[in-house]
Structures are given as C-alpha cells and as structure tokens.
Amino acid sequence: EKDHGKVFGFHRSMDTLGAVAGPALALLFLYYYPGEYSLLFFIAFIPGVLAVVFTFLIHESGIEKKEKKEKPKLLISFSYLKTCNKKYLHLFIGILIFSLMNSSDVFLLLKAKESGQSDENVILMYILYNASYALLAWPFGIIADKIGLRTTFISGLIIFTLVYVGFAFAEKSVHFIFLFLFYGGYAALTDGIGKAWIVRSVPKDEKATAIGTLSGWQSIATMMASFLAGAIWYSGGSAFLFLLTGLSTFIAILYLLIKTSNE
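All residue numbers for the sequence shown refer to this note's numbering, where the first residue is 788 and numbers rise by one.
And the structure:
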C-alpha cells in the first residue's frame, strides 16, 4: 500500500522504454529509406498485433471469483461517480479539468516542425522526451511515496505549465531539446503518480473501476482538448495556443490544492 508510486512508476518506465526504442528504430529506418512513411507505418503495425496476441497468454493468479449480483453496465462510470467517495471524486474532477486543457502531444511536434526543424530532428526530440520520461518515472515514483503523491503530481502540473509557456516562444533546436526533456519530467511526475493516487483513494475492490472510469473520461476530455487546440491554432496561432494552455493549467492546480490532501 505504501509503494504505489514506486510500482506505477516502474510500470511507466518499462512501458515508455518501448516508446524510446520505436521512434529510434523509425529514425534509423528513415535514414536508410527516406520518405518511405507508408512502409514504416505498416512495419509499426506488426508489434501492435503481436502485443494483442501475447496478451491472451497471460494468466492471473490468486484471483477470487465472486458471484456477480448484476451485469456490468455500459455507462457504469456514471453510476460509479454517484457512489464513489469524495476523495476520489475531487481527484477525478481535478485531473479531468487538466485533461480538458491537455491536448495531444502531436501539437508539440507540430510546433517544432513549424519552427523549421527537420523530420529527423522532430523524431529525435520525441525520443528525448520518452527517454527522459522512462528514466525518471521510477525514481520519481519512489520519491512520491516519501513526499506524497499529491505534492509530486502538482509539481508535475507546474512543470507542464512552464514547458507550455516555453513552447510558445521556442524557436531554436536547443530550446526544443530542453523543453522536451522537461516535458518528460512532467510526464514522469504525473502519469503513473496519478494512477497511484487514484488507487490509494478508493477501497481495494473499486481500484479497477476507479482507474477505468477516469481513463475513459480522460480520453473524451483529451479528444475535446485536441479538437479545441486545433481550432485555436488555426485562428490564433501556435504561440497563443501554448500560452493559453499553460496558463489555464493553473485552474486544475488550484482546484487540486484546495480540494485534495496528501495521504
């Protein structure tokens, strides 16, 4: 129970290592086969299929099967939000507010491309982001267990704010390199830590439901945020988008500071 940050941090580190290897191989592929994007995407499809196949070979142990009182409903998240404890609900709302402002990472890559970076440099920057994330997620998870998941998570949101404001003014390669490295730090401070915080805020038999509910609503919020980000970029420019996103994140930070507490 006391090692949630460490466990989720380790999971994110291992998972993100794949996100480092993938773009690195893509960069190598484009070096030898410039412009062959269709073939590259086809090759990238194969590991995804294999991952699904291997998932069916995993067997859980030590799981007690309970008699189901009722069948799971399609909109179970609505009913769960009505019955969940306030600790989870406040955390859910805070993270959802942030998700409504956090558009797809593709916009960061588009900003680098807009500033004159080559395709190879953009991929390299994405690799740096994932490498930073992978290297920091586990140690940050360990630190979070000691100083508090809330403190760690909110620190990540503050870094997110600074990074997005930085992207608004970034022009040179060195600017983007540092920003992507710090963006990896933000991800390491929030992604696994957020899930650990969720797990610690609910009873044992509600953990999967709690994470699933948040993940589902986060996906919807991110889709809406990305649609809105595209519209803002088109009408007001990239700098305005990043400034607005960064500064708006303070709404989520203030909400979490007021409504939540460290375990």
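Think of the CB as a built atom: it goes at the ideal place given N, C-alpha and C, for glycine as much as any other residue. Being a predicted model, the structure only gives us computed values, none of them experimental.
Could you please give the first and the last residue of the uninterrupted alpha helix (DSSP H) stretch that includes Q1005?
-> 994-1023
Would you mind giving the Cβ-Cβ distance between A1016 and L1034, rounded to the nearest angstrom? I have them listed as a contact below 8 angstroms.
-> Rounded, the Cβ-Cβ distance is 14 angstroms, inconsistent with contact.
Beta-carbon proximity check, A831 vs G809, cutoff 8 angstroms = yes
Write down the C-beta distance between V950 and L966 rounded to the nearest angstrom, noting that I regard them as a contact closer than 8 angstroms.
-> 5 angstroms
Could you check if G979 is buried or exposed, using at least 16 other CB atoms within 10 Å of its CB as the buried criterion?
-> buried
Own chain residues within Cβ distance below 6 angstroms of L1020, not counting five before or after | Residue 1020 is actually Trp in this sequence, not Leu. If we look at W1020 and ignore the five residues flanking it on each side, its Cβ neighbours are L1028.
Are L876 and L915 close, meaning C-beta to C-beta below 8 angstroms?
-> Contact check for L876 against L915 fails: the beta carbons are separated by 8 angstroms or more.
Contact between the segment 924-935 and the segment 994-1006: three or more CB pairs below 8 angstroms?
-> no
Coil, strand or helix - L844 by DSSP = coil
Whose C-alpha, out of D932, A955, K898, is nearest the C-alpha of L1031?
-> A955
Residue nearest to L1044 in terms of C-alpha spacing, selected from D932, I880, F841 | Put simply, of D932, I880, F841 the residue whose alpha carbon is nearest the alpha carbon of L1044 is I880.
State yes or no: is the C-beta of T803 within less than 8 angstroms of the C-beta of A983?
-> Not a contact, by the Cβ cut-off of 8 angstroms.
What are the start and end residues of the alpha helix (DSSP H) that includes L923?
-> 906-934
Does the beta-carbon of L936 have 16 or more other beta-carbons within 10 angstroms, so that it is buried, or is it exposed?
-> buried
G903 - containing alpha helix (DSSP H), residue span = Segment: none, G903 is in no alpha helix (DSSP H) and carries neither H nor E.
Exposure of N917, with buried meaning 16 or more beta-carbon neighbours within 10 Å | buried
Cβ of K898 within 8 angstroms of Cβ of S1025?
-> yes
Can the beta-carbon of T948 be found less than 8 angstroms from the beta-carbon of T1036?
-> yes
Do I910 and A813 come within 8 angstroms of each other at the CB atom, strictly closer than that value?
-> yes
What are the boundary residues of the alpha helix (DSSP H) that includes V961?
-> 960-987 is the span of the alpha helix (DSSP H), which, as asked, contains V961.
Could you give the distance in angstroms between the alpha-carbon of L944 and the alpha-carbon of R799?
-> Each residue's alpha carbon lies about 17 angstroms from the other.
Expected contact under 8 angstroms - CB spacing of Q904 and S960 to nearest Å | 7 angstroms
S886 beta carbon less than 8 angstroms from that of T977 = no
How many angstroms separate the CA atom of I964 from the CA atom of G953?
-> 11 angstroms
First and last residue of the alpha helix (DSSP H) that includes L883?
-> 873-886
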